[in-house]
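*Asks:* Sharing a structure here in structure tokens format.
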Amino acid sequence: MIARAKLTLPDGNRDHIQGSLDAPIALVEYGDYECPFCGEVYLVVKAIQRALGNRLCFAFRHFPLTNVHPHAEHAAEAAEAAGAQGRFWEMHDMLFENQDALDDESLAQYAAALGLDEVRLIREVLAGAYAGRVREDFMSGVRGGVNGTPTLFINGERYDGARGLEPFLAALTRPEAL
Amino acid sequence: MPTETRYNDMYSRSRRSALPADTAAPDFALRSTPDQWLTLGELLGQPVVLAFYPADWSPVCGDQMTLYNEILPEFQNLGAELVGISVDGAWCHAAFARDRKLHFPLLADFEPKGAVARQYGVYRDGDGVSERALFVIDANGTVHWSYVSPLGVNPGAAGILSALEGLQSKNEAK
Numbered sequence: 001m002i003a004r005a006k007l008t009l010p011d012g013n014r015d016h017i018q019g020s021l022d023a024p025i026a027l028v029e030y031g032d033y034e035c036p037f038c039g040e041v042y043l044v045v046k047a048i049q050r051a052l053g054n055r056l057c058f059a060f061r062h063f064p065l066t067n068v069h070p071h072a073e074h075a076a077e078a079a080e081a082a083g084a085q086g087r088f089w090e091m092h093d094m095l096f097e098n099q100d101a102l103d104d105e106s107l108a109q110y111a112a113a114l115g116l117d118e119v120r121l122i123r124e125v126l127a128g129a130y131a132g133r134v135r136e137d138f139m140s141g142v143r144g145g146v147n148g149t150p151t152l153f154i155n156g157e158r159y160d161g162a163r164g165l166e167p168f169l170a171a172l173t174r175p176e177a178l
Numbered sequence: 001m002p003t004e005t006r007y008n009d010m011y012s013r014s015r016r017s018a019l020p021a022d023t024a025a026p027d028f029a030l031r032s033t034p035d036q037w038l039t040l041g042e043l044l045g046q047p048v049v050l051a052f053y054p055a056d057w058s059p060v061c062g063d064q065m066t067l068y069n070e071i072l073p074e075f076q077n078l079g080a081e082l083v084g085i086s087v088d089g090a091w092c093h094a095a096f097a098r099d100r101k102l103h104f105p106l107l108a109d110f111e112p113k114g115a116v117a118r119q120y121g122v123y124r125d126g127d128g129v130s131e132r133a134l135f136v137i138d139a140n141g142t143v144h145w146s147y148v149s150p151l152g153v154n155p156g157a158a159g160i161l162s163a164l165e166g167l168q169s170k171n172e173a174k
């Protein structure tokens, strides 16, 4: 169980994190930029972040289901490539807000819109520069008990409940209340 | 979980007990496509993962098979062969596999219905479908690990990977 919790808690050495690692509530999402359910959860997570403020630490890890979502892998790698230029979360938001246009050309456009070096970004994506990193996220999820997208872990425990704002927020604040 | 609730409304909750570790895995011959058959005997010589699931197209099954499809390279790294098994017919499997772009065989436990699931202890009489059950069978045809998940819960792949690794270290110790 300890091994699983380690896998499913935010890791300051490698994860993309919003909030402080010292925050009492840790939320890890394994997600796919082309998955419509992840698109719904994206908005819920935003609302949760507003509601919980600095009590929440949120980490996002890639879990692209590449056979059913042909653009998910490059989208994940584009987020990493944007991260290499210091703008992971801006690209993350851009991708979830444009789930229906995730082809390579669109990825380059989003990079340009964010003021990134889009030539470098698309070159890195096409070269698979971050493919290994994305696969690492994916396999950590498989080991940790991810069984589809999105899978969410609250303080290391998989959350299988409803993903609407109210039940999700209730589940997030429960451990803190204890 | 909404999906789980739907399954609970649809099917009885009692779970069947799967053939346990160290029992011989019954051989079978099932259609893998409308004109091809696959036997357990043909697959052996390497570890085999049998993933029984209730039905093509139902939401959790789709996720489960889609997930295994993505993890196929890891199963292959561990030298294992994966097959999915349900009571759906070969044409249904073909359409489902095409839609989800599955790269592993789906076997039709169709006639006599559920006969193989029965032999493995995971057929749900009355419901007419198999349990969501996993078996890791060693290269010689002995069950190394088995697990029955609640019907509405996708068991993921962590258990399969641990079982395959356990099998590998057992073989290395020999």
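Residue numbers (the numbering used here), protein chains in the order written: chain A, 1 to 178; chain B, 1 to 174.
Think of the CB as a built atom: it goes at the ideal place given N, C-alpha and C, for glycine as much as any other residue.
Predicted model, so just to flag it, every value in this text is computed and none were measured.
Taking Cβ to Cβ, would you say residue 134 of chain A is nearer than 8 angstroms to residue 81 of chain A?
*Replies:* no
*Asks:* Against chain A, with Cβ distances strictly below 8 angstroms, would residue 1 of chain B count as a contact?
*Replies:* Summary for residue 1 of chain B: the model assigns pLDDT 49, below 50, so the residue's position carries little reliability; its value from the coordinates is reported in the next sentence. By this cut-off, residue 1 of chain B is an interface position.
*Asks:* Is there a C-beta anywhere in chain B that falls below 8 angstroms from the one on residue 2 of chain A?
*Replies:* Confidence at residue 2 of chain A is low in this model, with a pLDDT of 49, below 50, so its placement is unreliable and no value can be given for it.
*Asks:* When the Cα of residue 15 of chain A is compared with those of A/106, A/174 and A/84, which residue comes out closest?
*Replies:* Minimum Cα-Cα distance from residue 15 of chain A among the listed residues A/106, A/174 and A/84 corresponds to A/84.
*Asks:* Tell me which residue opens and which closes the beta strand (DSSP E) that residue 133 of chain B is part of.
*Replies:* Residue 133 of chain B -> beta strand (DSSP E) spans 132-137.
*Asks:* Strictly below 9 angstroms CB to CB, what residues from chain A border residue 77 of chain B?
*Replies:* None at all; the shortest Cβ gap to chain A is about 11 angstroms.
*Asks:* So, residue 38 of chain B versus residue 134 of chain B, is the Cβ gap smaller than 8 angstroms?
*Replies:* no
*Asks:* So residue 71 of chain A and residue 34 of chain A are in contact, right, with Cβ under 8 angstroms, and what is the actual spacing, rounded?
*Replies:* That belief holds up - the Cβ atoms of residue 71 of chain A and residue 34 of chain A are roughly 5 angstroms apart, short of 8 angstroms.
*Asks:* Can you name the residues that DSSP bridges to residue 123 of chain B?
*Replies:* B/130
*Asks:* Quick check for students: name the residue ranges of the beta strand (DSSP E) that lie wholly in the segment 30-82 of chain A, counting only runs of 3 or more.
*Replies:* 56-62
*Asks:* Can you say whether residue 146 of chain B is buried or exposed, counting buried as having 16 or more other CB atoms within 10 angstroms of its CB?
*Replies:* buried
*Asks:* Between A/46, A/171 and A/105, which has its C-alpha nearest residue 119 of chain A's C-alpha?
*Replies:* A/105
*Asks:* Tell me the residue span of the alpha helix (DSSP H) that contains residue 135 of chain A.
*Replies:* Here the alpha helix (DSSP H) through residue 135 of chain A covers 131-144.
*Asks:* Tell me whether residue 142 of chain B sits in a helix, a strand or coil according to DSSP, three-state version.
*Replies:* strand
*Asks:* Which chain B residues sit within Cβ distance under 9 angstroms of residue 142 of chain A?
*Replies:* 67, 70, 71, 74, 156, 157, 158 and 161
*Asks:* Per DSSP, which one or two residues make a beta bridge with residue 31 of chain B?
*Replies:* B/37 and B/108
*Asks:* Can you name the residues that DSSP bridges to residue 151 of chain A?
*Replies:* A/30
*Asks:* Should the segment 19-37 of chain A be called in touch with the segment 150-160 of chain A, which here means at least 3 C-beta pairs below 8 angstroms?
*Replies:* yes
*Asks:* How far does the beta strand (DSSP E) with residue 82 of chain B in it reach, from first residue to last?
*Replies:* 81-86
*Asks:* From what residue to what residue does the alpha helix (DSSP H) around residue 18 of chain A run?
*Replies:* Taken as a continuous stretch (DSSP letters only), residue 18 of chain A belongs to no alpha helix (DSSP H), being part of the beta strand (DSSP E) at 16-18.
*Asks:* Please report the distance separating the alpha-carbon of residue 152 of chain B from that of residue 61 of chain A.
*Replies:* 25 angstroms
*Asks:* Can you pull out the residues from the segment 66-89 of chain A whose beta carbon lies closer than 8 angstroms to at least one beta carbon of chain B?
*Replies:* Cβ contacts with chain B: 66, 67 and 68.
*Asks:* Taking the continuous alpha helix (DSSP H) assigned at residue 110 of chain A, which residues delimit it?
*Replies:* Start and end: 104-113.
*Asks:* Can you tell me which of A/111, A/67, A/145 and A/57 puts its alpha carbon nearest to the alpha carbon of residue 78 of chain A?
*Replies:* For residue 78 of chain A, the nearest C-alpha among the options comes from A/111.
*Asks:* Per DSSP, what kind of secondary structure is residue 58 of chain B in: helix, strand or coil?
*Replies:* coil
*Asks:* For chain A, is any of its Cβ atoms less than 8 angstroms away from the one on residue 127 of chain B?
*Replies:* no
*Asks:* Between the alpha carbons of residue 136 of chain B and residue 95 of chain A, how many angstroms are there, rounded?
*Replies:* 39 angstroms
*Asks:* Can you give the Cα-Cα distance for residue 124 of chain A and residue 115 of chain A, rounded to whole angstroms?
*Replies:* 16 angstroms
*Asks:* Along chain B, in chain order, which residues have C-beta atoms closer than 9 angstroms to that of residue 146 of chain A?
*Replies:* 67, 156, 157 and 158
*Asks:* Could you work out which residue in B/16, B/32, B/65 and B/22 is closest to residue 126 of chain B when comparing CA atoms only?
*Replies:* B/16
*Asks:* Can you list, in chain order, the residues of its chain with a C-beta nearer than 8 angstroms to that of residue 11 of chain A? Leave out the 5 residues immediately preceding and following it.
*Replies:* 59
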